[in-house]
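In my numbering, the protein residues as written are 52 to 238.
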């Protein structure tokens with residue numbers, strides 16, 4: 052049986068949920084509505100079962116630690132989700148936050164609040180980090196470096212970034228970040 056291809060997003064608040072849902076619509080993807088929440092309350096096993104039932108791929112699934120340092124509920128759920136042998140994580144949208152992570156993640160690229168692709172990380176506002184700042188900090192990103200994920204794209208706070216990612220504007224930054232993963236996977 053073929054594995055279900057998934058893109059994970061490390062955020063889950065109301066605006067992030069709306070942005071991820073809009074990006075999925077923009078790109079013709081399936082979004083797991085129950086994956087949103089701050090923190091993630093649905094188990095990784097339950098989210099994997101939902102993803103495997105999705106009618107189209109890749110599936111967008113969200114995970115959020117709600118600002119908790121260390122391994123919170125979102126990271127635990129993502130760890131369980133990724134362990135499912137029928138799930139293939141093809142990419143991750145790593146969302147920056149003001150939480151100073153004890154386990155930041157190296158990103159392959161980031162999408163700024165202006166919609167530009169940059170080789171380094173961005174901060175919560177979606178602005179590029181200063182030279183020498185190599186890793187993206189966020190509350191649910193530490194686990195990403197321990198999983199086999201072909202492409203990690205950094206972004207600022209979904210649905211926000213000085214209104215540049217607002218759903219009313221089409222969630223363009225979230226859409227661009229997911230599009231970068233799809234292009235890498237030639238989907």
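Using N, Cα and C, we set each Cβ at its ideal position, and we do this for glycine too.
Quick caveat: nothing in here was measured; it's all calculated off a predicted structure.
With distances taken from CA atoms, which of 160, 177 and 165 is nearest residue 171?
-> As a position in the chain shown, residue 171 is number 120, starting the count at 1. Nearest option by C-alpha distance: 160.
When we look at the beta-carbon of residue 234 and count the other beta-carbons within 10 Å, is it buried (16 or more) or exposed?
-> As a working mapping, residue 234 is identified with position 183 in the chain shown. Classification for residue 234: exposed.
Indicate whether the contact test is met: 3 or more Cβ pairs, each with one atom in the stretch 139 to 147 and one in the stretch 198 to 214, closer than 8 Å.
-> yes
At a cut of 8 Å, does the stretch 189 to 198 reach the stretch 66 to 75 through at least three beta carbon pairs?
-> no
DSSP three-state assignment for residue 186, whether helix, strand or coil | Counting from 1 along the chain shown, the entry for residue 186 is found at position 135. Three-state result, residue 186: coil.
State yes or no: is the C-beta of residue 90 within less than 8 Å of the C-beta of residue 56?
-> In the chain shown, the residue the question calls residue 90 occupies position 39. In the chain shown, the residue the question calls residue 56 occupies position 5. Going by C-beta atoms, residue 90 is not nearer than 8 Å to residue 56.
Determine the DSSP secondary structure at residue 227, reduced to helix, strand or coil.
-> Stepping through the chain shown from its first residue, residue 227 is reached at position 176. The answer is helix: DSSP assigns residue 227 an H, G or I state.
Taking the CB atoms as reference points, tell me whether residue 222 and residue 73 lie closer together than 8 Å.
-> The residue labelled residue 222 in the question sits at position 171 within the chain shown. The residue labelled residue 73 in the question sits at position 22 within the chain shown. Closer than 8 Å, so yes.
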